[in-house]
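Enquirer: Quick mapping for you: the protein sequence lines, in order, are chains A, B and C.
Every letter in the first sequence is one number past the one before it in our numbering, and letter 50, counting from 1, is 53.
Every letter in the second sequence is one number past the one before it in our numbering, and letter 180, counting from 1, is 183.
Every letter in the third sequence is one number past the one before it in our numbering, and letter 38, counting from 1, is 41.
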Amino acid sequence: MPELFSKFGPEMAAVSLPAWLDLAALMVGAVSGVLVAHERKLDLVGFVGLAMLCGLGGGLIRDVTMQVDSVYMLSSPYAIPAAAGMGIFAFLFPSLFDKFSNLIEWVDIVSVGLFALMGTDKAIVYGLLPFSAILMGTLTGVGGGMLRDVFLGDIPRIFKPSNYYALCALAGSTIYYVTVMVFWLGKPWAAFLCVAVTVGLRRWSLH
Amino acid sequence: MPELFSKFGPEMAAVSLPAWLDLAALMVGAVSGVLVAHERKLDLVGFVGLAMLCGLGGGLIRDVTMQVDSVYMLSSPYAIPAAAGMGIFAFLFPSLFDKFSNLIEWVDIVSVGLFALMGTDKAIVYGLLPFSAILMGTLTGVGGGMLRDVFLGDIPRIFKPSNYYALCALAGSTIYYVTVMVFWLGKPWAAFLCVAVTVGLRRWSLH
Amino acid sequence: MPELFSKFGPEMAAVSLPAWLDLAALMVGAVSGVLVAHERKLDLVGFVGLAMLCGLGGGLIRDVTMQVDSVYMLSSPYAIPAAAGMGIFAFLFPSLFDKFSNLIEWVDIVSVGLFALMGTDKAIVYGLLPFSAILMGTLTGVGGGMLRDVFLGDIPRIFKPSNYYALCALAGSTIYYVTVMVFWLGKPWAAFLCVAVTVGLRRWSLH
Numbered sequence: 004m005p006e007l008f009s010k011f012g013p014e015m016a017a018v019s020l021p022a023w024l025d026l027a028a029l030m031v032g033a034v035s036g037v038l039v040a041h042e043r044k045l046d047l048v049g050f051v052g053l054a055m056l057c058g059l060g061g062g063l064i065r066d067v068t069m070q071v072d073s074v075y076m077l078s079s080p081y082a083i084p085a086a087a088g089m090g091i092f093a094f095l096f097p098s099l100f101d102k103f104s105n106l107i108e109w110v111d112i113v114s115v116g117l118f119a120l121m122g123t124d125k126a127i128v129y130g131l132l133p134f135s136a137i138l139m140g141t142l143t144g145v146g147g148g149m150l151r152d153v154f155l156g157d158i159p160r161i162f163k164p165s166n167y168y169a170l171c172a173l174a175g176s177t178i179y180y181v182t183v184m185v186f187w188l189g190k191p192w193a194a195f196l197c198v199a200v201t202v203g204l205r206r207w208s209l210h
Numbered sequence: 004m005p006e007l008f009s010k011f012g013p014e015m016a017a018v019s020l021p022a023w024l025d026l027a028a029l030m031v032g033a034v035s036g037v038l039v040a041h042e043r044k045l046d047l048v049g050f051v052g053l054a055m056l057c058g059l060g061g062g063l064i065r066d067v068t069m070q071v072d073s074v075y076m077l078s079s080p081y082a083i084p085a086a087a088g089m090g091i092f093a094f095l096f097p098s099l100f101d102k103f104s105n106l107i108e109w110v111d112i113v114s115v116g117l118f119a120l121m122g123t124d125k126a127i128v129y130g131l132l133p134f135s136a137i138l139m140g141t142l143t144g145v146g147g148g149m150l151r152d153v154f155l156g157d158i159p160r161i162f163k164p165s166n167y168y169a170l171c172a173l174a175g176s177t178i179y180y181v182t183v184m185v186f187w188l189g190k191p192w193a194a195f196l197c198v199a200v201t202v203g204l205r206r207w208s209l210h
Numbered sequence: 004m005p006e007l008f009s010k011f012g013p014e015m016a017a018v019s020l021p022a023w024l025d026l027a028a029l030m031v032g033a034v035s036g037v038l039v040a041h042e043r044k045l046d047l048v049g050f051v052g053l054a055m056l057c058g059l060g061g062g063l064i065r066d067v068t069m070q071v072d073s074v075y076m077l078s079s080p081y082a083i084p085a086a087a088g089m090g091i092f093a094f095l096f097p098s099l100f101d102k103f104s105n106l107i108e109w110v111d112i113v114s115v116g117l118f119a120l121m122g123t124d125k126a127i128v129y130g131l132l133p134f135s136a137i138l139m140g141t142l143t144g145v146g147g148g149m150l151r152d153v154f155l156g157d158i159p160r161i162f163k164p165s166n167y168y169a170l171c172a173l174a175g176s177t178i179y180y181v182t183v184m185v186f187w188l189g190k191p192w193a194a195f196l197c198v199a200v201t202v203g204l205r206r207w208s209l210h
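#1: Of the residues Met121(B), Ala199(B), Pro97(B) and Asp111(B), which one's Cα is nearest the Cα of Leu138(B)?
#2: May I ask you to list, following chain order, the residues of the segment 60–84 of chain A that have a beta carbon less than 9 Å from some beta carbon of chain B?
#3: Cα separation between Arg205(B) and Ser79(B)?
#4: Please report whether the beta-carbon of Gly90(A) lies at a distance below 8 Å from any beta-carbon of chain C.
#5: For Ser73(A), count the other beta carbons within 10 Å of its own beta carbon; 16 or more makes it buried, fewer makes it exposed. Which is it?
#6: With DSSP collapsed to three states, give me the class of Val67(B).
#7: Measuring only between beta-carbons, confirm whether Gly52(B) sits less than 8 Å from chain A.
#8: Let me confirm a value: Lys125(A) is counted as buried when at least 16 other C-beta atoms fall within 10 Å, else exposed. Which label applies?
#9: Could you check whether the Cβ of Val153(B) sits closer than 8 Å to any Cβ belonging to chain A?
#10: In angstroms, rounded to a whole number, what distance separates the CA positions of Pro84(A) and Phe134(C)?
#11: Please go through the same chain and pick out, in chain order, the residues whose beta-carbon is closer than 6 Å to the beta-carbon of Ala54(C), but skip the five residues on each side of it.
#12: Consider the Cβ of Ser19(A): report whether some Cβ of chain B lies at a distance smaller than 8 Å.
#13: Report yes or no: is there a C-beta of chain C within less than 8 Å of the C-beta of Leu138(B)?
#14: Are the C-beta of Val235(C) and some C-beta of chain B separated by less than 8 Å?
#15: Between the segment 193–201 of chain C and the segment 166–183 of chain C, are three or more C-beta pairs nearer than 8 Å?
#16: Give the range of the alpha helix (DSSP H) segment to which Asp124(B) is assigned.
#17: Buried or exposed for Asp25(B), going by 16 or more other Cβ atoms inside 10 Å?
#18: Classify Asp157(B) as helix, strand or coil using the three-state DSSP reduction.
#19: Taking beta-carbon pairs under 7 Å, can you tell me which members of the segment 119–137 of chain B lie near chain C?
#20: Who are the neighbours of Ala169(C) on chain A, taking C-beta pairs under 9 Å?
#21: Classify Gly116(B): buried if its beta carbon has 16 or more other beta carbons within 10 angstroms, exposed otherwise.
#22: Whole angstroms is fine: what's the gap from Met145(C)'s alpha carbon to Leu77(A)'s?
#23: If we call anything under 8 Å between Cβ atoms a contact, is Leu150(A) one with Gly60(A)?
#24: In whole angstroms, give me the CA-to-CA distance for Ala30(C) and Cys57(C).
#25: Rounded to the nearest angstrom, what separates Thr177(A) and Val71(C) at their Cα positions?
#26: So which of Ser19(C), Gly49(C) and Leu63(C) has the shortest CA-CA distance to Gly147(C)?
#27: Spatial neighbours of Ala17(C) within its chain, please: CB distance less than 6 Å, with the 5 preceding and 5 following residues excluded, ordered by chain position.
#28: Whose C-alpha, out of Trp207(B), Ser208(B) and Gly175(B), is nearest the C-alpha of Trp192(B)?
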């Protein structure tokens, strides 16, 4: 059993989630970017630009706002090639993404959940105050999509009525913070809950 | 008499303004945000989002740009709940804000003045160069409103002709810098002058 | 011969380019900003705002993202006055810029090349990973223009089809990184190559 599972207690709060989760959030975010590029029939630069904006943007907002530790996208040797590579791959094989285009809402919200998780977790690791940690999670969750909307000249969806992205990210971040810091739940379970609540709330809001 | 009033001289430049002024700037900024949300009939997410953007945005731009000391909104236990609470309160009691809606210009410019003050003061405390301190004040002053305009899909007002927000913030920051660093005026008096000049210039420009 | 020319080898990678190059990038960027302000018939605030956005924006994005060393525009005593002064000068003597208005594309791309150079070089000096250094160069190169477009309510040109700014910046940054870090070419020659490739590729793409 990995260390994160085998121990429970306050001292585990400072142990970061495994690095592959950062990469997973990045990849799902990048896919949400290329799906938009696909929808708008952008060129290669647009595909790579949106993959990087949506894959790296949330984490960059997190790291620049918190100003602690390194900037993930710069210090990880995988982050930039992974995001750019996803953009190039999607541009070269657009037909693979045709069948995904009705999944865009799902990909979007899973990406929001994963980024909310990574934002809240970094804030917990660095001992931020509860409200600060939850805000960092929410901001990291919706940040990439907000940047994308602003750069594409759209009004960010979080400022459009009946759109509950931000609330989903807020709920996910809060669940993660409370389960880890109040109930000392193991981080992997709390992480699963965070993403499940974010995605579930979104699905439920569409009914 | 508080310490800030009783002493005069160069050594006082490094003493920050009292923390409640940061909170006051935040609250006035948040009110300017909810008045816009009210005007545009946004939902709860929009109210809270704009309250936080306008209440916390200027200070965040300041802290992220200067990269010294902590990020105010993350290190203060009051900042995030105050901004979010103002958004929720304004959404629940919209009728209270009906009578304020013709005050939106006043609230806006007082918020610009207070943020210009807090931006210039932090720059002075950390010993920035004169032009840098004045730019930080101006940027902090107009930052929240600029973010709001960009996120709402408007062209920021500072890039529209005949709009002198930025000049008012510049004048307020300059007055504060000069009175504190050249004339060694006590910070509370200089702070009063900063806000008065910002608001007065704006009022005068509307004639 | 200046030190940068007289020595070759790995140990020279950590020696920054001379500071006047930062100022040169800033001035060319500021000119690209005032040409847009001129074109749109903005007022003095618009001229100064765009000169500062385009002159200082790219470097600010670089410094805020990398979070190492000081923020150039705040620590240099020349940066802010130079950018603001260019805005004032261009507003006062618009006729001087009439003859430049067909040069706007040239000024833009030289500015992109110079900023890509300064971004990549700072990343090399601080030992960033190859992909990170090249991304920092590209982002610094296109950052000022992206900010300008977002603030003017345009869709950033890098997200419009058939616009190869970002590719030019990417090529320039890559050339600089490879010539300096792989072939240990002297920085001045590599810098020249970086700007020449950025500008040349752009010129070529317009045919």
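Beta carbons are placed, not taken as given, at the ideal position from N, Cα and C, and that holds for glycine.
Expert: In short, the structure shows the following:
#1: Out of Met121(B), Ala199(B), Pro97(B) and Asp111(B), Met121(B) has the C-alpha closest to the C-alpha of Leu138(B).
#2: Residues of the segment 60–84 of chain A with a C-beta atom less than 9 Å from some C-beta of chain B are Val67, Thr68, Met69 and Gln70, listed in chain order.
#3: As the crow flies, the alpha-carbon of Arg205(B) is around 31 Å from that of Ser79(B).
#4: Chain C contact via Cβ: absent.
#5: Sixteen is the threshold: since fewer than 16 other Cβ atoms of the shown chains lie within 10 Å of the Cβ of Ser73(A), the residue is exposed.
#6: Taken through DSSP and simplified to helix, strand or coil, Val67(B) comes out as helix.
#7: For Gly52(B), the answer is yes, since a Cβ of chain A falls inside 8 Å of its Cβ.
#8: By the neighbour-count rule (16 or more Cβ atoms within 10 Å), Lys125(A) is buried.
#9: True, the Cβ-Cβ gap to chain A drops below 8 Å.
#10: Near 7 Å, if we compare the C-alpha coordinates of Phe134(C) and Pro84(A).
#11: The beta carbon of Ala54(C) lies closer than 6 Å to those of Ala33, Gly36, Val37, Ala86, Met89 and Gly90 in the same chain, with the five residues before and after it left out.
#12: No, its Cβ sits nowhere closer than 8 Å to a Cβ of chain B.
#13: Taking Cβ atoms only, chain C reaches closer than 8 Å to Leu138(B), which makes this a yes.
#14: Nothing can be reported for residue 235(C): it is not among the residues displayed for chain C, which extend from 4 to 210.
#15: Because the criterion of three Cβ pairs below 8 Å is met, the segment 193–201 of chain C and the segment 166–183 of chain C touch.
#16: Annotation: the continuous alpha helix (DSSP H) that includes Asp124(B) extends over Ile107 to Val128.
#17: With 16 or more other Cβ atoms within 10 Å, it is buried.
#18: For Asp157(B), the three-state secondary structure derived from DSSP is coil.
#19: Taking 7 Å as the Cβ-Cβ cut-off against chain C, the residues of the segment 119–137 of chain B that qualify are Leu131, Leu132, Phe134 and Ser135.
#20: Near Ala169(C) (Cβ distances below 9 Å), the residues of chain A are Val48, Val51 and Gly52.
#21: Label assigned to Gly116(B): buried.
#22: Looking at the sequence provided, one finds Val at residue 145(C) rather than Met. For Val145(C) and Leu77(A), the distance between alpha carbons rounds to 18 Å.
#23: In this structure, the beta-carbon distance from Leu150(A) to Gly60(A) falls below 8 Å.
#24: The sequence shown places Met at residue 30(C), not Ala. Taking the straight line joining both Cα atoms gives about 9 Å.
#25: Going from the Cα of Thr177(A) to the Cα of Val71(C) covers about 32 Å.
#26: In terms of Cα proximity to Gly147(C), the closest of Ser19(C), Gly49(C) and Leu63(C) is Leu63(C).
#27: The answer, listed in chain order, is Val128.
#28: When each option's Cα is compared against that of Trp192(B), the closest is Gly175(B).
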